[in-house]
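Note that the protein sequences, when read in sequence, are chains A and B.
Counting in the numbering used here, the first sequence runs from 653 upward without gaps.
Counting in the numbering used here, the second sequence runs from 4 upward without gaps.
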Amino acid sequence: MTAVQVTGVTKTFTTKAGLVTALDDVDLTVEKGEFVSLIGPSGCGKSTLLRLIADLDTPTSGVIEVFGKSARQARLDQDYGIAFQTAGLLPWRSVAANIELPLQLHGVDRVGRRQRVAQLIELVGLGDFARSFPEQLSGGMQQRVAIARSLAERPELLLMDEPFGALDEMTRERMQSELVRISAETGAAVIFVTHSIPEAVFLSDRVVVMSPRPGRIRKVIDVKLGDARGEGLREESAFFASVTEVREALHGAPATGTARGVDTR
Amino acid sequence: MILRRVLPPVALGVLALLGWELLVQFAKIQPYLLPAPSAIGKQLALVLPGLWAATLATGSNALIGLIAGSILAIALALVASRLRFVDQLIAPVVAAIAVVPIVALAPVLTNMFGATSETPRRVIVGVVVFVPVFVNTLRGLRQVLPVHRDLMRAYAASNWQLTRTVTIPGALPYIFTGLNIASSLAVISAVVAEYFGGLQNGLGSRITSAASNSAYPRAWAYVFGAILLGLVFYAATLALERLASRRR
Ligand SMILES: Nc1ncnc2c1ncn2[C@@H]1O[C@H](COP(=O)(O)OP(=O)(O)OP(=O)(O)O)[C@@H](O)[C@H]1O
Ligand SMILES: [Mg+2]
Numbered sequence: 653m654t655a656v657q658v659t660g661v662t663k664t665f666t667t668k669a670g671l672v673t674a675l676d677d678v679d680l681t682v683e684k685g686e687f688v689s690l691i692g693p694s695g696c697g698k699s700t701l702l703r704l705i706a707d708l709d710t711p712t713s714g715v716i717e718v719f720g721k722s723a724r725q726a727r728l729d730q731d732y733g734i735a736f737q738t739a740g741l742l743p744w745r746s747v748a749a750n751i752e753l754p755l756q757l758h759g760v761d762r763v764g765r766r767q768r769v770a771q772l773i774e775l776v777g778l779g780d781f782a783r784s785f786p787e788q789l790s791g792g793m794q795q796r797v798a799i800a801r802s803l804a805e806r807p808e809l810l811l812m813d814e815p816f817g818a819l820d821e822m823t824r825e826r827m828q829s830e831l832v833r834i835s836a837e838t839g840a841a842v843i844f845v846t847h848s849i850p851e852a853v854f855l856s857d858r859v860v861v862m863s864p865r866p867g868r869i870r871k872v873i874d875v876k877l878g879d880a881r882g883e884g885l886r887e888e889s890a891f892f893a894s895v896t897e898v899r900e901a902l903h904g905a906p907a908t909g910t911a912r913g914v915d916t917r
Numbered sequence: 004m005i006l007r008r009v010l011p012p013v014a015l016g017v018l019a020l021l022g023w024e025l026l027v028q029f030a031k032i033q034p035y036l037l038p039a040p041s042a043i044g045k046q047l048a049l050v051l052p053g054l055w056a057a058t059l060a061t062g063s064n065a066l067i068g069l070i071a072g073s074i075l076a077i078a079l080a081l082v083a084s085r086l087r088f089v090d091q092l093i094a095p096v097v098a099a100i101a102v103v104p105i106v107a108l109a110p111v112l113t114n115m116f117g118a119t120s121e122t123p124r125r126v127i128v129g130v131v132v133f134v135p136v137f138v139n140t141l142r143g144l145r146q147v148l149p150v151h152r153d154l155m156r157a158y159a160a161s162n163w164q165l166t167r168t169v170t171i172p173g174a175l176p177y178i179f180t181g182l183n184i185a186s187s188l189a190v191i192s193a194v195v196a197e198y199f200g201g202l203q204n205g206l207g208s209r210i211t212s213a214a215s216n217s218a219y220p221r222a223w224a225y226v227f228g229a230i231l232l233g234l235v236f237y238a239a240t241l242a243l244e245r246l247a248s249r250r251r
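Have a look at this one:
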């Protein structure tokens, strides 16, 4: 069964400068439990596509289905968890209270909330900061709180917009491994926006390469690295082969340089 | 810590009083211009029971007006922040209220409600307080960040949940800015409202009657009461703000 089905979706914004086509006739299918990354230069519509799937905005034309329902119904049914490009924490709430927010809104009782929050705080390695406030945390730590919050209700679908952008390399690799583990354990489908090619390859079953003006899907690359994504994977030749394939797709041809806005680390 | 924060202003106050006393004594300033603090202090002791009663009368008018006006202002700001047409409807009214002078309103209201009623004074306080609370609250309610709006939409949160968990906590600092201004204004306008006739039980009426009897130190003793009352109101809203920002 499919988690997300995007069919012929176009999204235009009317601005003072004129009409901006953020997405042009985009088709994308994400199966249940599948991990799909979106990569592409800045402004190619990655965030826009994610927002449409989350029903935070509506397509100009085309259809989006989430678990066989309309995107709106899926949102109302709370079928997905989301982490935004900016952490978006509530500054007057402590770390624990921020993670607790979705549980509180959806009527989980106090004991259940406390247990779940404790698990999630451990998961993102912020055990000592439960009572801290967002302004007392670094950008990377705030991102981890936002990730914990998106996982709070064990969603079947995770929408993540550059969630690891503000993390240092070590935390980033640890969070990547955690995310692979979580998605494998819970069987959740993940749509993951990133600017890092190795990150996309390491995490994904498929990498969707997009191009800007107008935002289109240029190529979808199958990454066949098997399910055991240990740390050793980063050293394997299959890994590098996929990295090269994604890089070439980004440039539109075998390339020597780097696409603007894309991090090739 | 507390000592270091309290000591300097207290020392400054004592010094100022001392300077004032010396100035009046040595420059031989007439009491109708400026009585000496010692003379005011003597009067203060004499009129203390009356001062207490007058402060209570004016204080309760200020408090009732402040609470009623603020509740109305916050409620209307909540509605205006949600409904565009209400906002457009209220904006000119608020602008009109903002420029109504107490001097114009007080005699009219005193005639309307009769000279034995406290109501006109409370209404005046309410009107004066309304504007800063409304304007600041509305500004605060409009501060919701797009990402927070998106987040609450993603959670399929109801309008009330959005208001309760995001909009109001975010607006609290603004609301308290309004209330801080309003609390001082409430005391001032409660005192001034009494200058225009009606009951003779409050600080304002005592000040005018003392002044018209040339009892200047007594008038100043009541002024002193008004200052204390204003400080109490201001401190109370500050304390409330502390409490609220810890609880949100
Ligand atoms: N609300 C909006 N109003 C007008 N234009 C918009 C809006 N949102 C996005 N756009 C435009 O749509 C295009 C795609 O934006 P989007 O945010 O999806 O890019 P992105 O791929 O996420 O970029 P980045 O990697 O920098 O986050 C951009 O040209 C942007 O200017
Ligand atoms: Mg983006």
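Where is the CB? At the ideal position from N, CA and C, for every residue including glycine.
Predicted model only: the values in this text are computed from it and were never measured.
Judged by pairs of C-beta atoms under 8 Å, the stretch 130-141 of chain B touches the stretch 86-103 of chain B, as three or more such pairs exist. Taking all protein chains shown into account, S217 of chain B has fewer than 16 neighbouring C-beta atoms within 10 Å of its C-beta and is therefore exposed.
Counting only residues of its own chain and dropping the five nearest sequence neighbours on each side, G660 of chain A has a CB closer than 8 Å to the CB of D677, V678, D679, S713, G714 and V715. Taking 8 Å as the upper bound for CB-CB distance, V27 of chain B and L37 of chain B are in contact here, some 6 Å apart. Within the stretch 197-250 of chain B, the runs of alpha helix (DSSP H) that reach at least 4 residues and sit entirely inside it are, in chain order, 206-215 and 219-250. Distance from the C-beta of F137 of chain B to the nearest heavy atom of ligand 1 is not below 7 Å. By the Cβ rule, the stretch 184-199 of chain B does not count as touching the stretch 144-160 of chain B, because fewer than three pairs are nearer than 8 Å. For D676 of chain A, the enclosing beta strand (DSSP E) starts and ends at G670 to E683.
If you check each beta-carbon in the stretch 710-740 of chain A against every beta-carbon of chain B, the ones closer than 7 Å belong to R727, L728, Q730, I734, F736, T738 and G740. One thing to note: G817 of chain A has its Cβ no nearer than 8 Å to the Cβ of R796 of chain A. The stretch 180-195 of chain B makes no contact with the stretch 782-794 of chain A: fewer than 3 CB pairs, one atom from each, lie closer than 8 Å.
Your pair V895 of chain A and P850 of chain A checks out as a contact, with CB atoms roughly 6 Å apart and the cut at 8 Å. In this structure, the straight-line span from the alpha carbon of V853 of chain A to that of Q828 of chain A is close to 11 Å. For E830 of chain A, the closest C-alpha among the options A:H847, A:T700, A:L803 and A:F719 is that of A:L803.
Counted as a single uninterrupted DSSP element, the alpha helix (DSSP H) harbouring S84 of chain B occupies residues P40 to R85. At least one CB atom of chain A sits nearer than 8 Å to the CB of R156 of chain B.
Annotation for I869 of chain A: the continuous beta strand (DSSP E) segment containing it runs R868 to D874. Taking 9 Å as the upper bound on Cβ-Cβ separation, chain B lies near residues R745, L753, P754, Q756, L757 and H758 of the stretch 745-758 of chain A. Sorting A:R727, A:Q794, A:G904 and A:T846 by C-alpha distance to the C-alpha of D707 of chain A places A:R727 at the top. A distance below 8 Å separates the beta carbons of S835 of chain A and V842 of chain A. With respect to the 8 Å criterion, V132 of chain B and G72 of chain B are classified as neighbours on the basis of their beta carbons. Residue nearest to F891 of chain A within the set A:G904, A:E900, A:L877 and A:L902 is A:L877 (criterion: CA-CA distance).
Between ligand 2 and K663 of chain A, a heavy atom-to-CB distance of less than 7 Å is absent. Counting only Cβ-Cβ distances below 7 Å, L708 of chain A has contacts in chain B at D153, R156 and A157, in chain order. Distance from the Cα of P34 of chain B is smallest, within the candidate group B:A242, B:R85, B:A160 and B:P220, for B:P220. Here DSSP, grouped into helix, strand and coil, assigns A655 of chain A to strand. By the neighbour-count criterion, in which 16 or more other beta carbons inside 10 Å mark a residue as buried, S889 of chain A falls on the exposed side. Placement of the Cβ of Q767 of chain A at a distance of 7 Å or more from every heavy atom of ligand 2 is found. The criterion of a C-beta distance shorter than 8 Å is satisfied by A674 of chain A and G697 of chain A. Interface flag for L742 of chain A against chain B is set, since a Cβ pair is found closer than 8 Å.
Relative to ligand 1, the nearest heavy atom lies less than 7 Å away from the CB of A674 of chain A. Along the stretch 18-38 of chain B, none of the residues has a CB nearer than 9 Å to a CB of chain A. K668 of chain A sits exposed, since fewer than 16 C-beta atoms from the chains shown fall within 10 Å of its C-beta.
In the three-state reduction of the DSSP assignment, V195 of chain B falls in the helix class, which pools H, G and I. The shortest CA-to-CA distance from Q203 of chain B to any of B:L182, B:L54, B:T166 and B:L18 is the one to B:L54. Setting aside the 5 residues that flank it on each side, R145 of chain B is surrounded in the same chain by S84, each with a C-beta closer than 7 Å to its C-beta; the list follows chain order.
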